[in-house]
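Working notes for the structure below.
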Amino acid sequence: MSVSNPSLGWERLQDEFYRSRECFDLSWDVNLSDGKIAIAPYCAAIAYFSNKSSATFSINKSVDVYSGSGEKIYSIPWLSSNGTITTLGWTNKLGLIVVLRNGKWRLYYNLEGDFNEYDLELSSSDDESVLDCKFWDKGFVVRTNRLKFYAVLDYEKLSPLRFDDSPSASVLQGKTIHCWSILPPNYSRDLEIYLSTDDSVLKMTLNSIEDTNYKDNVPLQFISFPPTGNFVSVYSKFNRTISILSANFQTTYKTYISDSESDANQMEWCSNDAVIVTYPDETKVIGPSDDSLSLYMEPECYLHPEFDGTFFLSNTKLEFLSRVGNSTSATFKIGSTFSSAILLDAIDQIDNHSPKATENVEIIKDNLSEAINYCILAAAEEFDPYWQKRLLRAATFGKSIIDFYNPDDFVETCKNLKVLNMIRQPEVGLFLTYSQYLDYTIENVIKYILLRKMHYLALKISQYLNLPDDDIYIDWACCKIKASGHLDDKKLCDDIRKMMKHKKVLSYHKIADVAYYEGRIKLSIMLLNYETDTSKQIPILLEMGEDEYALVKAEESGDSDSILYVLITLINKLSIAEFFKLLKSNRPRTIALFLSKIAINDPKLTYDYYYQDDQVSQLALIELQKSFTDFSTTQNSDTMTREILEKRKLHLNKAAGLLERWKFTEFEGKLVKEQIKAFEEQYKLSKSHEGFGMDKILSPAEIIEILLKQGELKLATRLHTTLKVDEKLFYWKVAKEFSKNKQLHDTLYEFARSKKSPIGYEPFFIETLKNGDRRQASLFVGLCTNLSHRQRIHMYLKCDDFRSAVEEAYKKKDVEYLEILGSVTDNTVIIRLSNEYKDKLKSSRLPF
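Going by UniProt numbering, the sequence shown opens with residue 1, and the numbers climb by one from there.
Next comes the structure, spelled out in structure tokens:
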């Protein structure tokens with residue numbers, strides 16, 4: 001166990017300290033100089049493709065993916081027919097990008113070799129091909145041999161953009177590009193490409209090219225931006241100078257002249273603090289002052305910058321160079337009198353049973369809280385578990401002395417360091433600094449571990465941090481399915497259920513989806529039966545062709561949206577016959593939704609459904625609706641109205657024929673046929689009378705009513721027989737309409753007397769009286785022979801016809817009513833007549 005002070009490995013650069021620490025001793029057998037290399041964010045994975053062209057390698061070439069510790073994760077076999085690889089790169093979600101010379105590129109979205117292929121759409125007319133490529137976390141830019149640039153700005157939106165489409169792109173023609181670099185869109189509004197030419201540095205965006213007017217030490221060999229994007233470093237091969245500039249190339253902050261006689265291999269930033277330049281024989285770290293550090297690294301060394309430092313990848317090691325943090329410097333610097341250094345020394349005194357431990361606490365008692373905080377921060381920065389524990393022990397000792405110290409940061413750091421030490425093991429191969437761990441987030445750490453199929457480790461970390469673990473179980477089940485081709489569906493389903501038995505709710509649809517794509521449809525259906533969310537079951541069932549089962553599940557759920565989703569999907573997927581066959585089962589809710597939400601907007605679909613289901617009444621209703629709609633016209637030509645007549649007759653005849661086919665609607669069919677006759681009469685009347693326009697259909701009763709309003713009693717009488725209008729209805733309408741017109745009252749009276757009325761004569765009396773003609777109403781009272789004489793007397797009184805009332809009472813020898821009639825009027829004539837009739841009746845009753 002190493003117990004030497006960490007500061008022994010520090011290098012001083014002006015007022016700051018830098019240190020390079022080994023992360024992994026690589027377990028691979030790879031020579032980086034023999035191939036193309038791509039390092040994923042945080043060095044979570046390394047892709048390598050050998051450039052060797054021997055007979056063996058040309059047949060068995062592959063893109064190999066390693067963990068950060070050099071352990072091979074998987075290989076992608078690469079045939080020459082796939083294309084020539086130009087560059088490798090990574091997305092921020094650990095997707096491997098393979099860019100080919102012909103402009104095609106692949107995104108391997110998992111660590112199992114699955115990929116999607118896309119095309120940058122290079123020009124085929126001038127034999128254009130990809131030269132090189134620059135990546136950032138969300139996209140990449142390629143340069144072609146025709147000095148054209150193509151960009152993919154977002155892996156979620158994969159449409160390629162051409163920079164040479166701008167009018168100013170012709171500026172590049174004839175120029176030599178010595179080097180180029182990109183400033184991603186997250187640092188400015190646009191993606192910016194910086195190009196070093198013979199005499200200047202150009203800035204290119206999608207819309208323009210402009211000269212930065214930077215002409216010092218050009219042409220340049222390297223252009224590099226720090227993680228913050230607020231500076232730029234440039235390296236001139238011409239005179240081996242390294243310059244630090246503002247990001248817009250307008251201000252030079254520092255120029256450093258290298259004393260190395262070799263050409264630089266690579267230049268990158270170390271966080272935002274220093275610039276690293278690698279040479280074949282050394283590595284230089286250049287800070288803000290005139291000083292520099294010389295570090296020994298292996299000749300073949302690749303730099304991978306992160307926001308808090310830089311990874312060094314060589315054939316044998318993975319190292320990390322970073323600035324020493326203030327808390328670590330204050331704690332470990334030789335001779336430090338800072339409170340955290342004294343607190344850490346107190347632990348040594350305690351271990352040695354020395355009383356100086358108490359003296360140390362007394363010295364820093366006023367700064368004890370600061371000492372604890374610095375020890376916690378220093379522990380987070382250390383890679384060595386020995387120093388992590390020792391620093392946290394010092395913090396614990398300090399906490400035991402101070403009152404009211406908030407332990408949250410301490411507890412959080414302890415948890416995070418325990419997780420970090422787990423994933424820093426060579427078997428996992430993910431060496432994150434504490435800052436990187438917080439930036440990467442624990443969720444992404446677990447996703448990485450799941451990509452590596454280390455489910456037990458992922459589960460332990462989730463349980464330790466009290467995180468949801470559903471995704472871990474789901475991923476395990478998906479991997480189990482892919483790896484268990486030898487197990488039958490029932491056994492595999494039971495194994496998965498056994499593992500998940502303690503999970504009350506789990507997204508089984510995700511597991512079923514994988515089973516389906518693995519060709520195990522029966523297993524997929526088994527797993528879907530355990531899915532509690534119907535909306536998640538249905539899409540998979542439909543995709544695998546289990547249409548009827550999907551409809552059953554939707555119906556069972558009672559969810560209208562799910563049922564409609566299935567119906568809309570199936571109606572676009574199946575033939576009409578197949579679709580209706582599924583609906584024929586006893587599914588009233590589904591059929592109701594189909595008719596009310598889908599078929600309602602498609603009359604033909606509605607008709608086809610009722611036709612195949614032999615619903616005669618509904619088919620007839622559709623024909624009736626058609627006869628009422630879509631035939632209105634504002635034209636009065638005979639041709640147009642005749643056309644409307646024939647169309648309506650066509651639909652009405654169809655409706656009648658359909659109704660007469662079924663015994664329960666036979667009567668309705670006859671009524672429709674009678675309506676056709678009425679329609680023909682309406683058409684004839686429209687030529688000679690007003691109110692019979694063909695813009696609407698009139699019933700027989702309505703035709704009669706209109707004729708009566710026009711005084712056409714004779715014609716109405718004939719048509720009511722022809723159209724089989726009920727006799728009683730006809731008499732009622734005559735009484736109602738003719739009573740409204742005083743000029744027709746005599747005609748009405750003659751009509752009423754012409755033959756016995758089927759409705760009696762009270763309606764004539766009522767309608768005439770209602771329309772204010774009391775004299776005419778009185779004429780109908782005498783015709784009401786079916787009523788009692790007293791009822792007729794009351795009717796006469798309503799008409800103010802007292803004479804007729806008295807005559808009626810006398811005729812029926814009703815002395816009582818004669819007395820009453822004489823008492824309710826002031827008319828002396830009526831009173832005298834009443835008395836005379838009353839006396840006559842009384843005298844006739846005297847005995848002889």
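Even glycine gets a Cβ: it sits at the ideal position worked out from N, Cα and C. Please read all numbers here as calculations on a predicted model, not as lab measurements.
Residues near residue i by beta carbon distance below 6 Å, same chain, minus five either side
i: Lys61; result: Trp78
i: Thr634; result: Confidence at Thr634 is low in this model, with a pLDDT of 46, below 50, so the placement of that residue should be treated as unreliable; the coordinate-derived value is given next. The answer is none, since no qualifying residue turns up.
i: Lys254; result: Ile244
i: Asp801; result: Ser778
i: Met454; result: none
i: Lys510; result: Ile474
i: Asp351; result: none
Environment of residue i [buried if 16+ CB atoms lie within 10 Å]
i: Ala554; result: buried
i: Asp15; result: exposed
i: Gln436; result: buried
i: Thr785; result: exposed
i: Asn406; result: exposed
i: Asp614; result: exposed
i: Leu707; result: buried
i: Asn230; result: exposed
i: Gly35; result: buried
i: Ala55; result: Residue placement at Ala55 cannot be trusted, given a pLDDT of 49 that sits under 50; what the coordinates show is reported in the next sentence. Classification of Ala55: exposed, given that the 10 Å Cβ count is below 16.
i: Leu417; result: buried
i: Ser196; result: buried
i: Leu172; result: buried
i: Val829; result: exposed
Those residues which DSSP pairs with residue i across a bridge
i: Asn116; result: Leu107
i: Phe312; result: Leu303 and Glu319
i: Asp800; result: DSSP output for Asp800 lists no bridge partner at all.
i: residue 901; result: This structure gives no information on residue 901, because the portion of the chain shown stretches from 1 to 848.
i: Trp269; result: Val275
i: Gly35; result: Ser50
i: Val285; result: Ile276 and Leu293
i: Phe17; result: Arg12
i: Asp614; result: DSSP, once it has assigned bridges, lists no residue as partnering Asp614.
i: Tyr256; result: Ile242
i: Ile97; result: Gly89 and Leu107
Contacts around residue i, its chain only, beta-carbon distance under 8 Å, and the 5 residues preceding and following it disregarded
i: Glu282; result: Ser260, Ser294, Leu295, Tyr296 and Met297
i: Asn5; result: Phe332 and Ile334
i: Val3; result: Tyr386
i: Asn265; result: Thr278, Tyr279, Pro280 and Cys301
Secondary structure of residue i, DSSP reduced to three states
i: Tyr74; result: strand
i: Tyr194; result: strand
i: Thr212; result: coil
i: Tyr296; result: coil
i: residue 915; result: Look at the range of the chain in this structure, 1 to 848, and you will see that residue 915 is not part of it.
i: Phe57; result: In this prediction, Phe57 scores a pLDDT of 48, lower than 50, which makes its location untrustworthy; the coordinate-derived value is nonetheless stated afterwards. Correct three-state label for Phe57: helix.
i: Cys43; result: helix
i: Ile759; result: coil
i: Val63; result: strand
i: Gly139; result: strand
i: Gly89; result: strand
i: Trp732; result: helix
i: Trp180; result: strand
i: Ala151; result: strand
i: Lys504; result: coil
i: Tyr405; result: coil
i: Lys536; result: helix
Proximal residues to residue i (C-beta, below 7 Å), its chain only, five neighbours per side dropped
i: Tyr796; result: Ser778, Val781, Ser804, Ala805 and Glu808
i: Glu762; result: Cys784
i: Ala716; result: Ile704, Leu707 and Leu708
Kindly confirm or deny that the segment 460 to 467 and the segment 67 to 84 touch, where touching means at least three C-beta pairs closer than 8 Å.
-> no
Is the segment 388 to 406 close to the segment 365 to 373, with three or more CB pairs under 8 Å?
-> yes
Below 8 Å, can you find three or more Cβ-Cβ pairs linking the segment 406 to 417 to the segment 356 to 366?
-> no
contact_flag[the segment 481 to 498, the segment 521 to 539] where n(CB pairs < 8 Å) is 3 or more = yes
Would you say the segment 311 to 318 touches the segment 21 to 41, given that touching needs at least three Cβ pairs under 8 Å?
-> yes
Meets three-Cβ-pair contact criterion under 8 Å: the segment 663 to 671 and the segment 680 to 697 = no
Contact between the segment 83 to 92 and the segment 426 to 440 (3+ Cβ pairs under 8 Å) | no
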